[in-house]
Amino acid sequence: MKQIRLIISLLLISVMGTAYAQVVSPVDFMRNNSRASFANPAFFSKDYGYFDFGLGGINIGFQNIGLKYDSFFRYNAAGQPQVLDLDNGLARLRDKNYLNTFLNIDVFNCGRRTKYGFFTYSHRIREWESLRYSKDLVKLIAAGNGSFVGANSADIDIALSVRAVQEFSFGYQMCLTDKLNIGARVKFLMGITDARTGVFNLQLNTDADSYALRLMADMNAKASLPYKIEEVNGWPTITDRRFNMANLFKNYGAGIDLGAEYIINDQFGVAAAINDLGFISWKNNTAQFHAGFVDGGSMYQNGGLVFEGLSNEAVNAILDDADVLKQYIDTLKQCIDVNLTTGVRYTTGLNTSLMVRGYYDLTPEHRFSAQLMGFATGIGMKPAMTLAYTGSFADNYDVVATYTMMPGSYDNLGIGLSANFGGFIMYVASNNILGFFNSANITQTNLQFGIAFSGGGKTKRSDTILLK
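According to the numbering used here, the sequence shown is numbered sequentially starting from 137.
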């Protein structure tokens, strides 16, 4: 009972601390697959050695928290959409909605056992895209500005973060005592691209009497791209789209993964890890801009833009003469002030993740785990709890089932399979198999698979303890 209370206490402390949500993979809970060391560098691998290239690890996935496509329709008895129901769809939106995607590709990985530890090397390409948008944005698109009349203004808030990096890492794991495993992975990073908003807020209001539209805005962002950005006619523009391979090796950074596992007794254990703790310094083709409204034309009024509509004559003139349309666009541009600064270096933190886990072995083959995991997407963090079962057989096979709960996402049923055939390891996993049957409405899903080659016999943990 003391061990159970200890595990529960650790999990509750983590909930109240700084642990946040990410896409959790069943691979993280495998006991005969060395790929689990990416979730916890302290993971003990029984293999003597392994290597893979190209197909060793591919992981792709997405999160969609907030927007449910089927809520915008009414269905008949056969389950076919019949009527568009905007009110119901908008009512089910959250105030802040999220869309995240990610892709990890392992270019090359290898690992080899030493007398008291396990050495690893990896080269990976990793990318993330994260978008947060307010409910009013979807409401404006779906229902128009008629919903924002008088004192009711549309508050359109958008946050965007995009990043792609190359990662070169060196790791080492060892069993310090008969109860304690520790591990660390040092990373050298080369940033490929980065783009992120600071503030991107629009306030839209419709006058109750004249129905004139009034728009207020505050926008700023920064980026480092493989292409050069310059100011052309007052607007940020990519002036040279020719791809230069050297641009992939100009933004440097460093990071570290740290992990530990403590074996309480033959049945209970706890583990914790912090991954991707570090930074990247962006200096290649950097640009920072701020945009707002200035008094530069007839549409400007008291810090914002006011559009009072077009007469029938004006609409006909625009349709008949392209120069008339250009005049309206030029008038609009005169009221928009864009300040662009290029060549300024800036630094960003990595997408740090935190993990704490407790497990119970019913038998040596059957393990039950409870885990709290977190992942910084670049624009926000939220908690997630995962319950997992791992069946490990003959030191070669793993069967994993997971259930993950996170705010706005409670239908995440995952499954993973791994097999070591004596010369190579194959595995496939998804954190939500339901996503393959209802992709339009699932909150998150991913697909992870790989093939690695292994060699040598299996090693007992008791033979690698440093401090006996």
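Idealized CB from N, CA, C, for every residue including glycine.
These numbers were taken from a predicted model, which means no experiment stands behind them.
From Ser150 to Asn380, what distance separates their C-alpha atoms? For Ser150, the predicted structure reports a pLDDT of 33, less than 50, and the residue's modelled location is therefore unreliable. A value from the coordinates is still provided. Roughly 45 Å separates the two Cα atoms.
Just list the residues that DSSP pairs Ala524 with in beta bridges. Ser505, Thr538
Whole-angstrom C-beta distance between Asp188 and Ala588, which should lie under 8 Å: 4 Å
Classify Lys596: buried if its beta carbon has 16 or more other beta carbons within 10 angstroms, exposed otherwise. exposed
C-alpha distance - Ile569 paired with Ser598, whole-angstrom precision: 37 Å
Spatial neighbours of Leu338 within its chain, please: C-beta separation below 6 Å, excluding the five flanking residues on both sides. Ile292, Ala353
Run the CB neighbour count on Gly327, radius 10 Å, all protein chains shown included, and call it buried at 16 or more, exposed below. buried
Across the segment 366–375 and the segment 450–467, are there enough close Cβ pairs to call them in contact, namely three or more that are closer than 8 Å? no
Taking the Cβ atom as the reference point for each residue, do Thr329 and Leu351 lie within a distance shorter than 8 Å? no
Pick helix, strand or coil for Val285, following the three-state DSSP scheme. strand
N- and C-terminal bounds of the beta strand (DSSP E) containing Ile194: 194–201
Work out the CA separation of Phe179 and Tyr398 for me, nearest whole Å. 11 Å
DSSP on Gln158, reduced to helix/strand/coil? Low per-residue confidence applies at Gln158: pLDDT is 47, beneath 50, and the placement is therefore not dependable, though the value from the model is reported in the following sentence. Coil at Gln158, not helix or strand.
Using a threshold of 8 Å, state whether the C-beta atoms of Ala390 and Gly414 are closer than that. yes
Given a cut-off of 8 Å on the beta-carbon distance, is the pair Phe443 and Leu349 in contact? yes
Between the alpha carbons of Gln437 and Cys471, how many angstroms are there, rounded? 10 Å
Can you pull the DSSP bridge partners for Val451? Bridge partners of Val451: none, in fact.
DSSP three-state label for Leu476, please. strand
Can you tell me the Cα-Cα spacing of Gly282 and Val219, whole angstroms? 21 Å
Nearest-angstrom Cα distance between Lys518 and Ser545? 11 Å
Would you check if the distance between the CB atom of Trp637 and the CB atom of Asn448 is smaller than 8 Å? This structure leaves residue 637 out entirely; the chain is present only between 137 and 604.
What are the boundary residues of the alpha helix (DSSP H) that Asn567 is part of? Unbroken run through Asn567: none, as it is neither H nor E.
Just the C-alpha distance for Asp497 and Gln216, rounded to the nearest angstrom, thanks. 47 Å
According to DSSP, Lys323 sits in a beta bridge with which residue or residues? Ser305, Gly391
Could you tell me which whole alpha helix (DSSP H) segments of length 4 or greater appear in the segment 568–597? none
Outcome for Asp412 when other beta-carbon atoms lying within 10 angstroms are tallied against a minimum of 16: buried
Which runs of the alpha helix (DSSP H) fall wholly inside the segment 218–276 and span at least 4 residues, in chain order? 222–227
Identify the residues that DSSP records as bridge partners of Arg563: which are they? Going by the sequence as given, residue 563 is Tyr instead of Arg. Paired residue(s): Ser554, Gly586.
With the cut-off set at 8 Å, would you say Ile410 and Val322 are in Cβ contact? no
Local conformation of Asp206 per DSSP, three classes: helix
Nonlocal neighbours in the same chain, by C-beta distance under 6 Å from Gly571, ignoring five residues either side: Ile578, Thr581
How many Å lie between Phe511 and Gln309 at the Cα? 23 Å
Sequence-distant residues of the same chain with beta carbon closer than 6 Å to Leu235, five excluded per side: Asn200, Leu267
Which residues mark the beginning and the end of the alpha helix (DSSP H) in which Tyr613 is found? The structure shown does not extend to residue 613, since the chain is modelled only from 137 through 604, so no value can be given for it.
By alpha-carbon positions, which one of Gly319, Val480, Arg299, Leu583 ends up nearest to Phe306? Gly319
By the DSSP assignment, the beta strand (DSSP E) with Asp459 in it spans what residues? Premise fails: Asp459 lies in the alpha helix (DSSP H), 458–470, not in any beta strand (DSSP E).
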